[in-house]
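Just so you know, we're using the working numbering here: the sequence shown kicks off at 815 and counts up by one.
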Amino acid sequence: MILFRSCIGFLFSVLLFSCSTDLQKEDSLVSEEENENLDPTNSLSIRELEFLEEYEHVTFNLAPDSFGASVNEKWISDIQLFLDGAISDEYRSKVESTLAQFNDVLSADITVQLVETSEESNIHLIFGEKEAIKEEWPDMFNAIGDVNFKGYALYNRDEDFNIIEGRIWVKN
Numbered sequence: 815m816i817l818f819r820s821c822i823g824f825l826f827s828v829l830l831f832s833c834s835t836d837l838q839k840e841d842s843l844v845s846e847e848e849n850e851n852l853d854p855t856n857s858l859s860i861r862e863l864e865f866l867e868e869y870e871h872v873t874f875n876l877a878p879d880s881f882g883a884s885v886n887e888k889w890i891s892d893i894q895l896f897l898d899g900a901i902s903d904e905y906r907s908k909v910e911s912t913l914a915q916f917n918d919v920l921s922a923d924i925t926v927q928l929v930e931t932s933e934e935s936n937i938h939l940i941f942g943e944k945e946a947i948k949e950e951w952p953d954m955f956n957a958i959g960d961v962n963f964k965g966y967a968l969y970n971r972d973e974d975f976n977i978i979e980g981r982i983w984v985k986n
């Protein structure tokens, strides 16, 4: 019985002195190596994790010719957008408003702006029915085929995965 009481007393002491509350600060420091091994997504919400999953899918796996790259393809220069096709004043205004919002959140190194001609652009957007791109971009027209897309985009990049130009067709 004394042995039993001693064991219970020891167990109680261990529990009493080894437990901490959420309000207590941990005294131990995480080593640099342990810090590098921590998963940075541990502190993200479910919504943030879903966003990252969708971003990864769109960025690395969506294209039919995707090879599952592990790098981001990105712009490193200003984006010059030319609007073509059935562009109404209302549509142009919405695009300008959206671009202003983008410019507010993009890094100071890159801006997006509308330009007046296709020649000065590095993104050409054609707004209208699919037939509007048949003559201008037959490769895109053929890629779309009979699928009922409401838009399609293609871009070119350099050897360092920097996007250098793009083409966008938008139906509505």
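C-beta atoms are modelled at their ideal positions from N, C-alpha and C, and glycine is treated no differently.
Under the three-state reduction of DSSP, which class applies to residue i: helix, strand or coil?
i      : result
Ala900 : coil
Glu979 : strand
Ile937 : strand
Val984 : strand
Asp974 : coil
Could you please give the first and the last residue of the uninterrupted alpha helix (DSSP H) stretch that includes residue i?
i      : result
Asn956 : Pro952 to Ile958
Leu866 : Ile860 to Glu870
Residue range of the beta strand (DSSP E) that residue i falls in?
i      : result
Leu968 : Gly965 to Arg971
Give the DSSP bridge partners of residue i, in chain order.
i      : result
Gln927 : Gln894
Lys908 : Paired residues: none, contrary to the question.
Lys948 : Looking at the DSSP assignment, Lys948 forms no beta bridge with any residue, so it has no partner.
Could you tell me whether any Cβ in chain D is nearer than 8 Å to the Cβ of residue i?
i      : result
Asn986 : This model lacks chain D altogether, as it is built from one protein chain only.
Mark residue i as exposed unless 16 or more other C-beta atoms lie within 10 angstroms of its C-beta, in which case mark it buried.
i      : result
Arg861 : exposed
Ser842 : Because the pLDDT at Ser842 is just 49, under 50, the model does not fix this residue reliably, and the value given afterwards should be weighed accordingly. Under this definition Ser842 is an exposed residue.
Ile944 : The question names Ile, yet the displayed sequence has Lys at residue 944. Classification of Lys944: buried, given that the 10 Å Cβ count is 16 or more.
Ile940 : buried
Arg906 : exposed
Leu897 : buried
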